[in-house]
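For the numbering used here, count along the sequence shown from 1 and bump the result up by 81.
Beta carbons are placed, not taken as given, at the ideal position from N, Cα and C, and that holds for glycine.
Nothing here was measured: the structure is a model prediction, and the numbers come from that model.
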Amino acid sequence: MADPMDVDEGPPRGTKRTADEAGLPPEAPPGEIIVAPMNALKELMENSVDAGSTSVEVLVKEGGLKLLQITDNGHGIERDDLPILCERFTTSKLKQFEDLQAIGTYGFRGEALASISHIAHLRVTTRTARSSCAWQAHYLDGKLTAPKPGQPSDPKPCAGRPGTQITVEDLFYNIPNRRRAFRSASEEYAKILDVVTRYAVHCSNVAFSVKKHGDSATAFSVSAAASKLDRIKQAYGATIAKDAVEISTHDAKLGFTASGYATNANYSAKRTVLLLFINNRAVESSAMKKAIEQMYQVFLPKGAHPFVYLSLDIEPNRVDVNVHPTKREVHFLNEDEIIELVSAEIRERLARIDTARTFKTQTILPGIIPMTPPLSKTRHPSTVPGSVSGERPPVAKTPQYTTTYREQVEIRLKSVKSLRAQVRSSMHDALTEVFASLTYVGLVDSHRRLAAIQSGIKLYLCDYGLAANEFFYQLGLTDFGNFGLIQLNPPLPIRDLLSLAADFEIDHHVHSQLLSRRAMLKEYFSLAISDDGQHLEAIPLLLKGYTPCMAKLPTFLLRLGPCVDWSDETECFRTFLRELASFYNTF
82 MADPMDVDEG
92 PPRGTKRTAD
102 EAGLPPEAPP
112 GEIIVAPMNA
122 LKELMENSVD
132 AGSTSVEVLV
142 KEGGLKLLQI
152 TDNGHGIERD
162 DLPILCERFT
172 TSKLKQFEDL
182 QAIGTYGFRG
192 EALASISHIA
202 HLRVTTRTAR
212 SSCAWQAHYL
222 DGKLTAPKPG
232 QPSDPKPCAG
242 RPGTQITVED
252 LFYNIPNRRR
262 AFRSASEEYA
272 KILDVVTRYA
282 VHCSNVAFSV
292 KKHGDSATAF
302 SVSAAASKLD
312 RIKQAYGATI
322 AKDAVEISTH
332 DAKLGFTASG
342 YATNANYSAK
352 RTVLLLFINN
362 RAVESSAMKK
372 AIEQMYQVFL
382 PKGAHPFVYL
392 SLDIEPNRVD
402 VNVHPTKREV
412 HFLNEDEIIE
422 LVSAEIRERL
432 ARIDTARTFK
442 TQTILPGIIP
452 MTPPLSKTRH
462 PSTVPGSVSG
472 ERPPVAKTPQ
482 YTTTYREQVE
492 IRLKSVKSLR
502 AQVRSSMHDA
512 LTEVFASLTY
522 VGLVDSHRRL
532 AAIQSGIKLY
542 LCDYGLAANE
552 FFYQLGLTDF
562 GNFGLIQLNP
572 PLPIRDLLSL
582 AADFEIDHHV
592 HSQLLSRRAM
602 LKEYFSLAIS
612 DDGQHLEAIP
622 LLLKGYTPCM
632 AKLPTFLLRL
642 GPCVDWSDET
652 ECFRTFLREL
662 ASFYNTF
């Protein structure tokens, strides 16, 4: 079986070797390409773990583009090795070419520092346990360089603690197009955090911390003594740690051992999170991820996904770790069989504990009957003209509603005509044509409420929340005085609804305002209050077949007090319709 990660133990490994000295052929892999700050961090952090570090500290400025600093307490680098530290294919991890057959460290090709030195200003400060002082060196294009013009380029003695500190400044300073390709520093910082948290979960007995430059507190930290579950809790939250079950399996014939944690059926997320390590390297496997997701379909509802941390130890001679320069992809023998055994182990563990399950519930206001469309299009007369009425059906039957239409009433109010004229005057013919002929493409950003729509050959970004709000407002203005009704059966106590959104004094004031205008609310807005003034009997129906979110009803009623201008007719109608549009808008 594969040995634990072959970190440097005891004294340093000795002199670094170049490709020629190690007997490597000229067709050795090309230099590592650093495409983002997270790639540079990953390489440097793996070097720290290789050096036997028990503490790794990461400092970031502007998403790692301005500053990326990694400090560890490992064995350090010998002063004599510093001149060739950043040369390509220079490594202390290999002594001869045959060592590639059973490589057990993260780094082994001598490419990371060389690549970084070509695209950033690199400074290394290091000290070994037997050295009386630390040494500092600057690098450019793989060679030692002077820190300032006119100064020597040789490493200089300085104060420092045992270990190594690598500082990368102005990443991609000489590749302006690449630097401009990064959308935001916060996005790159989030990717850096993701890399650190993944390794923090996997690397036992190593402390990790991440801090933004200028901040007094760390953004993420985990102690060296933390257990696997504690590390998962720190990195991904207490909910995942609480619902995680331990998994473990092995097969001597296939030469592998698997261990890790997977969430049970009580946990679900919008996307699958798979932390996969093969022989201690963070890798990706679409086949493994697909198999795990298919297996979880038995235990999770549709659209729900799990969290899985999985560490595979496979005999080194069965794994090819040098498939790609990023070392993110690996090939290993009997891949299908190993994936099947791992999936079976997770399935068995989940089935063993799947005796109780926790479900999230949604509170429904009493008396609200879901607006489910009838199976038949047959219409029956209603006793309330122009209303959508609901009768409570027998328990065994699905509630159904019948819809009738009342005769349209012509509205001649100058205030309403004025509001309609305002909308018409601000109408944009080109945008109206876009919305009239649009094709929905897909969701872009749910947090910013952005969707992609196409009209003709043009693609647009649309704030669908704002568009929906304006749609319901104009719909209310168009059908003013002719709304249908959503009957509430039984009627809901107004005071109870208001108390859900405010304290007693405020809801009492709003209640009084609604009662004093009860007749107008029913005539113009189909908002019906009982004769005793204590219950809400109906709310306006703006769109056939569409029911607003009833959880917003208390807030809607409360806002009718302070947010509606009852002193002016035009403003009263405008502000009421705006509040009604917000009530109907679910985004």
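Taking 6 Å as the limit between beta carbons, can you name the residues of its chain near Val150, skipping five residues before and five after? Val is not the amino acid found at residue 150; the sequence shown has Gln there. So the qualifying residues of the chain are Leu140 and Thr248.
Assuming the contact rule is C-beta atoms closer than 8 Å, Asp153 and Ser134 should be a hit. Round their C-beta distance to whole Å, please. Right, their Cβ atoms sit about 4 Å apart.
Once DSSP output is grouped into helix, strand and coil, what is the label at Ala240? In this structure, Ala240 counts as coil in the three-state DSSP scheme.
What's the C-alpha gap between Val354 and His386? Answer to the nearest angstrom: the Cα atoms are 8 Å apart.
Please give me, in chain order, every unbroken run of the beta strand (DSSP E) with length at least 3 that falls completely inside the segment 564 to 635. The beta strand (DSSP E) runs of length 3 or more contained entirely in the segment 564 to 635 are, from start to end of the chain, 565 to 574 and 616 to 622.
Roughly how many angstroms separate the alpha carbons of Gly562 and Val379, rounded to a whole number? If you take the alpha carbons of Gly562 and Val379, they lie about 52 Å apart.
Can you tell me whether DSSP reads Val379 as helix, strand or coil? Assignment of Val379 by DSSP, reduced to helix, strand and coil, places it in the coil class.
First and last residue of the uninterrupted beta strand (DSSP E) at Gly341: In the DSSP assignment, Gly341 falls within the beta strand (DSSP E) that extends over Phe337 to Thr344.
In terms of residue numbering, what span does the alpha helix (DSSP H) encompassing Lys736 cover? The displayed coordinates of the chain run from 82 to 668. Any statement about residue 736 would go beyond what the structure contains.
Straight-line CA distance for Cys239 to His202? Approximately 19 Å between the Cα atoms of the pair.
Are Pro643 and His616 touching if we call contact CB-CB under 7 Å? No, the pair does not count as a contact, with Cβ atoms beyond the cut-off.
I want to know whether the segment 596 to 612 touches the segment 534 to 544 - three or more CB-CB distances under 8 Å. Inter-segment contact for the segment 596 to 612 and the segment 534 to 544 is absent: fewer than three beta-carbon pairs are separated by less than 8 Å.
Using the beta-carbon count (16 or more within 10 Å), is Cys214 buried or exposed? Here Cys214 is exposed. Its C-beta has fewer than 16 other C-beta atoms within 10 Å.
Would you decide whether Asp649 is buried or exposed? Buried here means 16 or more other CB atoms lie within 10 Å of its CB. Exposed, because fewer than 16 other Cβ atoms sit within 10 Å of the Cβ of Asp649.
Under a Cβ-count criterion, where at least 16 other Cβ atoms within 10 Å of its own Cβ denotes burial, should Ser593 be classed as buried or exposed? Counting the other CB atoms within 10 Å of its CB gives Ser593 a total below 16, which places it among the exposed residues.
Restricting to Cα atoms, I'd like to know which of Pro118, Gly523 and Ala662 is closest to Arg260. The option with the nearest alpha carbon to Arg260 is Pro118.
Among the residues of its own chain, which have a CB less than 6 Å from the CB of Pro447, if the five just before and after it don't count? Below a pLDDT of 50, predicted positions are generally treated as unreliable, and Pro447, at 48, falls in that range; no measurement from the model is reported.
Quick one: what does DSSP say Leu658 is sitting in, helix, strand or coil? Reduced to three states, the DSSP call for Leu658 is helix.
Continuous alpha helix (DSSP H) stretch holding Val287: start and end: For Val287, there is no enclosing alpha helix (DSSP H), as DSSP marks it with neither H nor E.
Indicate whether the contact test is met: 3 or more Cβ pairs, each with one atom in the segment 311 to 326 and one in the segment 339 to 348, closer than 8 Å. Three or more pairs of CB atoms, one per stretch, sit closer than 8 Å, so the segment 311 to 326 contacts the segment 339 to 348.
Can you name the start and end residues of the alpha helix (DSSP H) that Ile427 belongs to? Where Ile427 is concerned, the enclosing alpha helix (DSSP H) starts and stops at Glu416 to Ile434.
Burial state of Tyr665, where buried means 16 or more other Cβ atoms lie within 10 Å: With 16 or more Cβ atoms within 10 Å of its Cβ, Tyr665 is classed as buried.
Counting Cβ pairs closer than 8 Å, one from the segment 417 to 432 and one from the segment 365 to 372, do we hit at least three? Contact between the segment 417 to 432 and the segment 365 to 372 is present, with at least three C-beta pairs closer than 8 Å.
Considering only residues of the same chain and omitting the five flanking positions on each side of His331, which have a CB-CB separation below 6 Å? The residues Thr338, in chain order, have a CB closer than 6 Å to that of His331 in the same chain once the five nearest residues on each side in sequence are set aside.
How many angstroms separate the CA atom of Leu634 from the CA atom of His590? Leu634 and His590: Cα-Cα distance of roughly 17 Å.
For the alpha helix (DSSP H) holding Asp131, just list the boundary residues, first then last. That run of the alpha helix (DSSP H) goes Pro118 to Asp131.
Please confirm whether Gly155 and Gly244 have their CB atoms less than 7 Å apart. Yes, the pair counts as a contact, with Cβ atoms nearer than the cut-off.
Take Thr667 and list the residues in its own chain whose beta-carbon comes closer than 7 Å to its own, dropping the five residues that flank it on each side. Excluding sequence neighbours, Thr667 sits near Cys630.
Check each candidate in Ala368, Ser611, Arg264 and Tyr377 and name the one with the smallest Cα separation from Asp417. With distances taken between Cα atoms, Asp417 lies closest to Ala368.
Taking the C-alpha atoms as reference points, what is the distance between Thr278 and Ala316? Cα to Cα, Thr278 sits roughly 6 Å from Ala316.
Need the endpoints of the alpha helix (DSSP H) that Tyr545 sits in, please. Run containing Tyr545: Tyr545 to Thr559, per the alpha helix (DSSP H) assignment.
Where do the N-terminal and C-terminal ends of the alpha helix (DSSP H) with Gln503 fall, by residue? Start and end: Lys495 to Ser506.
Using DSSP with H/G/I as helix, E/B as strand and the rest coil, what is Asp332? Three-state result, Asp332: strand.
Gly341 to Asp275 span [Cα, whole Å]: Cα to Cα, Gly341 sits roughly 18 Å from Asp275.
Euclidean distance between Cα positions of Gly112 and Glu192: Summary for Gly112: the model assigns pLDDT 35, below 50, so the residue's position carries little reliability; its value from the coordinates is reported in the next sentence. Gly112 and Glu192 have their C-alpha atoms some 5 Å from each other.
Buried versus exposed call for Asp401 [16 or more other C-beta atoms within 10 Å across all chains shown]: So Asp401 ends up on the exposed side.
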